[in-house]
Amino acid sequence: MSADKIEVRVAAIAQVAPLIREFRLEAVDGVLPAFAPGSHVVVEMPAQPRPHRNAYSLLSDPRDPSAYRIAVRKQEQSRGGSLFMHEQVSEGDLLKITPPANLFTPSWYAKRHLLIAGGVGITPFLSFLPELRRRGAEFELHYLYRGSQTGAYSDELAAELGSALQRYDSEQACRCDLGELLARQKPGTHVYICGPQSLIDGVCSTARELGWPEDAVHYEAFAAPAPGNPFRVELARSGRVVEVDSDTTLLEALESAEVDVPNLCRGGVCGQCATRVLEGSIEHRDTYLSADDKARQDCIMPCVSRAADDRLKLDL
Ligand code: FES
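The sequence shown lines up with residues 59 to 374 when you count with the working numbering.
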């Protein structure tokens with residue numbers, strides 16, 4: 059997280075689904091920066107022995123400067139961040155966040171917008187919707203969730219959007235036929251997906267099979283990095299050695315050692331944290347580098363990727 063953090067107060071917390079809590083964040087000083095639909099912030103949580111830092115989409119109306127709203131799903135396999143937000147954060151607490159960054163902006167030249175959300179992946183679309191409506195854009199939203207767990211905002215959206223919303227509750231055996239959905243879209247439509255990787259993969263492969271142009275398919279995933287084997291990194295410029303334990307990412311270990319690495323998505327998507335590797339082999343877990351880049355074994359995305367064995371030497 060860079061130096062330009064913003065201090066915010068947790069003004070309100072609401073349980074919007076059994077596994078999802080919404081947090082309203084207000085600036086402690088001054089006003090919050092403007093943001094565009096699809097933006098996210100990284101929230102720094104004051105946990106011990108090291109802070110947790112997770113990226114969350116802003117779900118407020120981008121034209122509302124009074125507060126940011128985020129929603130956090132309690133993860134069964136939490137590495138600490140989502141549990142901290144659910145169990146340790148109360149109204150009135152102070153948190154630090156990054157300024158908003160955007161890796162998931164709507165394409166305003168699209169003729170039509172097809173939005174597909176899985177569970178808490180509804181959140182970026184909540185910031186899309188006010189702007190789509192203000193612009194009179196043609197859109198439909200397809201929302202897949204588990205009714206007893208993750209169907210946040212489902213009834214409000216149904217009341218607001220009417221036939222522009224289709225809901226699929228997997229507990230009611232209600233499934234979305236992706237092939238039929240994508241096949242019936244008119245040319246010039248762009249599709250946006252936010253949700254679990256399986257949903258993103260399903261839509262992307264269906265779109266490919268149907269011949270959709272690649273630049274008409276947009277997606278965003280904020281999957282928590284999976285644990286891995288512990289390893290050690292040597293920092294070539296300072297000669298320091300940093301240990302990375304099994305449920306810490308390389309980026310988190312570097313941050314704990316006060317080594318500053320630029321980052322934006324913390325999910326292997328944006329490429330901001332790219333770091334040169336001088337020695338050692340890499341277990342690539344990002345979706346940013348191409349297969350050829352990965353094969354060269356000279357660059358790592360420390361937010362998600364790890365050493366393939368017990369050591370790496372980095373150009374840091
Ligand atoms: S922070 Fe985006 S790829 Fe690492």
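Cβ atoms here follow ideal geometry from the backbone N, Cα and C, with glycine treated the same way.
Owing to the predicted nature of the structure, the values given are computational and were not obtained by experimental measurement.
So T333 is in the beta strand (DSSP E); what residue range does that whole segment cover?
333–337
In this structure, does DSSP put V379 in helix, strand or coil?
Past the boundaries of the shown model lies residue 379; the chain is included only from 59 to 374, so the question cannot be answered.
Pick out every residue whose C-beta is nearer than 6 Å to a heavy atom of ligand 1: which are they, in chain order?
N321, L322, C323, R324, G326, V327, C328, G329, Q330, C331, D344, Y346, M359, C361
How far does the beta strand (DSSP E) with Q73 in it extend, from its first residue to its last?
64–75
Identify whether S314 lies in helix, strand or coil by the three-state DSSP scheme.
In the three-state DSSP reduction, S314 falls in the helix class (H, G or I).
Using beta-carbon positions only, say whether I78 and V147 come within less than 8 Å of one another.
no
For F81, which residues does DSSP report across the bridge?
I71, I128
From the DSSP output, which residues share a beta bridge with I180?
None, per the DSSP bridge assignment.
Excluding the 5 residues preceding and the 5 following D344 in the sequence, name in chain order all residues of the same chain whose CB lies nearer than 6 Å to its CB.
Once the five neighbours on either side are set aside, the close Cβ partners of D344 are G326, M359, V362, S363.
Among Y203, Y277, V335, which one has its Cα closest to the Cα of I251?
Y277
Return the residue from the list L117, R233, A284, P245 that minimises the CA-CA distance to G260.
Ranking the options by Cα distance to G260, first place goes to R233.
Look up F93 in the DSSP assignment and say whether it is helix, strand or coil.
coil
By a C-beta neighbour count over all protein chains shown, 10 Å radius and 16 as the cutoff for buried, is A72 buried or exposed?
exposed
Counting C-beta neighbours from all protein chains within 10 Å, is the total for G237 16 or more, i.e. buried, or is it exposed?
exposed
I'd like to know if the segment 88–102 and the segment 142–162 are in contact, where contact means that at least 3 CB-CB pairs between them fall below 8 Å.
Yes: the two stretches touch, three or more of their Cβ pairs being nearer than 8 Å.
What are the partner residues of A349, as DSSP defines its beta bridges?
Answer by DSSP bridge pairing: none, since A349 is not bridged.
Please report how far the alpha carbon of R121 lies from the alpha carbon of F186, in whole angstroms.
11 Å
Can you grab the Cα-Cα spacing for the pair G88 / D151, in whole Å?
17 Å
So Q224 is in the beta strand (DSSP E); what residue range does that whole segment cover?
223–227
Round the Cβ separation of V100 and L83 to the nearest angstrom and send it over; I've been treating them as touching at under 8 Å.
Not quite, the Cβ-Cβ distance comes to about 12 Å (not below 8 Å), so this is no contact.
Identify every residue that forms a DSSP beta bridge with Y277.
I251
Over the uninterrupted beta strand (DSSP E) stretch that includes A231, give me the two end residues.
Looking at the DSSP string, A231 is not in any beta strand (DSSP E), and its letter there is neither H nor E.
What does the alpha-carbon distance come out to for the pair K154 and G269?
Distance between the alpha carbons of K154 and G269: 43 Å.
Can you say whether V86 is buried or exposed, counting buried as having 16 or more other CB atoms within 10 angstroms of its CB?
Note on V86: under 16 other CB atoms within 10 angstroms of its CB, so exposed under the neighbour-count rule.
Hey, could you find the ends of the alpha helix (DSSP H) A241 is sitting in?
Looking at the DSSP string, the run of the alpha helix (DSSP H) that includes A241 is 236–241.
Between C377 and V317, which are expected to be in contact by the criterion C-beta below 8 Å, what is the C-beta distance as a whole number of angstroms?
Examination of residue 377 is not possible in this model, given that the chain is present from 59 through 374 alone.
Taking buried to mean at least 16 other C-beta atoms within 10 Å of its own C-beta, is N112 buried or exposed?
buried
So, are the CB atoms of Q80 and R127 less than 8 Å apart?
According to the sequence provided, residue 80 is Glu. The question's Gln does not apply to it. In this structure, R127 lies closer than 8 Å to E80 by Cβ.
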